[in-house]
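Trainee: Below you will find the structure I want to go over with you.
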Amino acid sequence: MGAVLAAQAITDHFSYPGWRDVMKRQVVPGPGRDALVSSRSQEEDKPTSGKADVGGYAGFSILAYDKEEATVMLLLRGPNAGVYGTASVTVRWHEGDWKIVPGADGSVYSGMAQVSGTQGFVTWEA
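Written as structure tokens, this is what we have:
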């Protein structure tokens, strides 16, 4: 569950003010993190108050896991009822915590797709 929560919670903070500190503390250092920081630096921060984002996290599935690394597929609610998407995130146990492992190009998500429901996922209860 720690790997799942890290995949969801850490990536959720990448769009908001303070993202640099999150990346410094919660992303595995290396060329992937450098590319992610460079890419993210080109974007505006989302406001921390105001209208809530449509959608959100609906659940997850574990694609791969061992004590050093895990790949988590997140199930995301779309803007319309019954519409879902998926995105996979890899995390690694590094310096006593689960941290995001970006690709060499700075990408965090892979396997993005639209799905028709929650079958095959552990869903978060409302």
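Throughout the sequence shown, residue numbering follows the working numbering, covering -19 to 106 in sequence.
Cβ coordinates follow ideal geometry from the N, Cα and C atoms, glycine included.
(1) Please classify L(-15) as buried or exposed, where buried requires at least 16 other C-beta atoms within 10 Å of its C-beta.
(2) Could you tell me which of P(-3), A15, D1 and S(-5) sits nearest to V81, measuring between CA atoms?
(3) In whole angstroms, give me the CA-to-CA distance for W(-1) and H(-7).
(4) How would you call A38, buried or exposed, if buried means at least 16 neighbouring beta carbons within 10 angstroms?
(5) For A93 versus G65, is the C-beta spacing smaller than 8 Å?
(6) At which residue ranges does the region -3 to 76 contain complete alpha helix (DSSP H) runs of 4 or more residues, listed in the order of the chain?
(7) Given this structure, state the Cα-to-Cα distance separating S18 from G86, to the nearest angstrom.
(8) Let me check one thing: in DSSP terms, what residues is T103 bridge-paired to?
(9) So what's G97 in DSSP terms, helix, strand or just coil?
Mentor: On the basis of the supplied data:
(1) Stepping through the sequence shown from its first residue, residue -15 is reached at position 5. The residue in question, L(-15), is exposed, as its Cβ has fewer than 16 Cβ neighbours within 10 Å.
(2) Here residue 81 is taken as the residue at index 101 of the sequence shown, counted from 1. Nearest option by C-alpha distance: A15.
(3) Translated into positions along the sequence shown, residue -1 becomes position 19. Translated into positions along the sequence shown, residue -7 becomes position 13. Answer to the nearest angstrom: the Cα atoms are 6 Å apart.
(4) If you number the sequence shown from 1, residue 38 lands on position 58. Classification for A38: buried.
(5) Counted from its first residue, the sequence shown places residue 93 at position 113. Counted from its first residue, the sequence shown places residue 65 at position 85. Yes, the Cβ-Cβ distance between A93 and G65 is below 8 Å.
(6) -1 to 6 and 11 to 20
(7) For the purposes of this step, residue 18 is taken as residue 38 along the sequence shown, with counting starting at 1. For the purposes of this step, residue 86 is taken as residue 106 along the sequence shown, with counting starting at 1. S18 and G86: Cα-Cα distance of roughly 8 Å.
(8) Position 123 of the sequence shown, counting from 1, holds the residue named residue 103. DSSP lists G39 as partners of T103.
(9) Translated into the one-based positions of the sequence shown, residue 97 becomes position 117. If DSSP states are grouped into helix, strand and coil, G97 belongs with coil.
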